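Asker: Residue numbers (my numbering): -1 to 188.
I'd like to ask you about the structure that follows.
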């Protein structure tokens, strides 16, 4: 039985891809960069991962994300979701990438698990899940969690948002064939 590794690398960056057309360096026309990015996303949607990777690499080379400042890094680490996995989980968590939105108080946590049980031969080496944590900038506290669960967006916010004592949102992870589920607070007291 495999367990997630004790230490997982975390890549932290501020994404500029969301506004690629507005932030393109002068050496690359913004329209070309936006078109390359759109083509990469389309290839990814068609499971043409080699084509998608080439497109993403082109965009990232022309408009790389900047490293986080120390306060941004502290925020991303403080709001990283507490993942709850099943005791029998046999796929390891290979990597995590956190992307701080450049304009909105949202952090995307991208989880890369060992390839899941249903698709071991799909030429996709990991199972990619995403958790978005929205926060209040003034207090730097989590206010909403959205997860992508098998084609559906699930969310918890306000009094329904379950948090650890240290303020981290709690997210359950469906085992085997992964899917992330925002945990709900105990509403019995309401």
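In this text, a Cβ means the ideal position worked out from N, Cα and C, and glycines have one as well.
Fair warning: this is a prediction, and the values are worked out from it, not measured in the lab.
Return the residue from the list 168, 63, 178 that minimises the CA-CA distance to residue 80.
Answerer: When each option's Cα is compared against that of residue 80, the closest is 168.
Asker: In whole angstroms, what separates the C-alpha of residue 159 from that of residue 99?
Answerer: Those two C-alpha atoms are separated by around 21 Å.
Asker: Just confirm the distance between the C-beta atoms of residue 77 and residue 133, as a whole number of angstroms; I'd bet it's less than 8 Å.
Answerer: Confirmed, about 6 Å.
Asker: For residue 167, write down the residues that DSSP places opposite it in a beta bridge.
Answerer: In DSSP, residue 167 forms a bridge with 161.
Asker: Looking at the secondary structure, which residues open and close the alpha helix (DSSP H) in which residue 42 lies?
Answerer: Segment 28 to 43, the alpha helix (DSSP H) holding residue 42.
Asker: Is the beta carbon of residue 109 closer than 8 Å to that of residue 190?
Answerer: This structure leaves residue 190 out entirely; the chain is present only between -1 and 188.
Asker: Verify whether the separation of the beta carbon atoms of residue 128 and residue 96 is less than 8 Å.
Answerer: No, the pair does not count as a contact, with Cβ atoms beyond the cut-off.
Asker: Between the C-alpha atoms of residue 63 and residue 172, what's the straight-line distance to the nearest angstrom?
Answerer: Those two C-alpha atoms are separated by around 31 Å.
Asker: What beta strand (DSSP E) runs, 3 residues minimum, are completely inside the segment 45 to 117?
Answerer: Here the runs fully enclosed are 80 to 82, 91 to 98, 104 to 112.
Asker: Would you mind working out which of 178, 106, 155, 56 sits nearest residue 200, comparing C-alpha positions?
Answerer: Residue 200 is absent from the model: the chain starts at -1 and stops at 188.
Asker: Taking only three categories from DSSP, how would you classify residue 156?
Answerer: Looking at residue 156 - three-state DSSP - the assignment turns out to be helix.
Asker: Considering Cα atoms alone, identify which of 149, 178, 92, 136 is closest to residue 130.
Answerer: Minimum Cα distance to residue 130 is reached at 178.
Asker: Decide if residue 89 is buried, meaning its Cβ has at least 16 other Cβ atoms within 10 Å, or exposed.
Answerer: By the neighbour-count rule (16 or more Cβ atoms within 10 Å), residue 89 is buried.
Asker: How many Å lie between residue 152 and residue 68 at the Cα?
Answerer: Approximately 31 Å, taken between the alpha carbons.
Asker: Could you name the residues that DSSP lists as bridge partners for residue 177?
Answerer: 172.
Asker: Anyone know if the C-beta pair for residue 54 and residue 38 falls short of 8 Å?
Answerer: Their beta carbons are under 8 Å apart, which means residue 54 touches residue 38 by this criterion.
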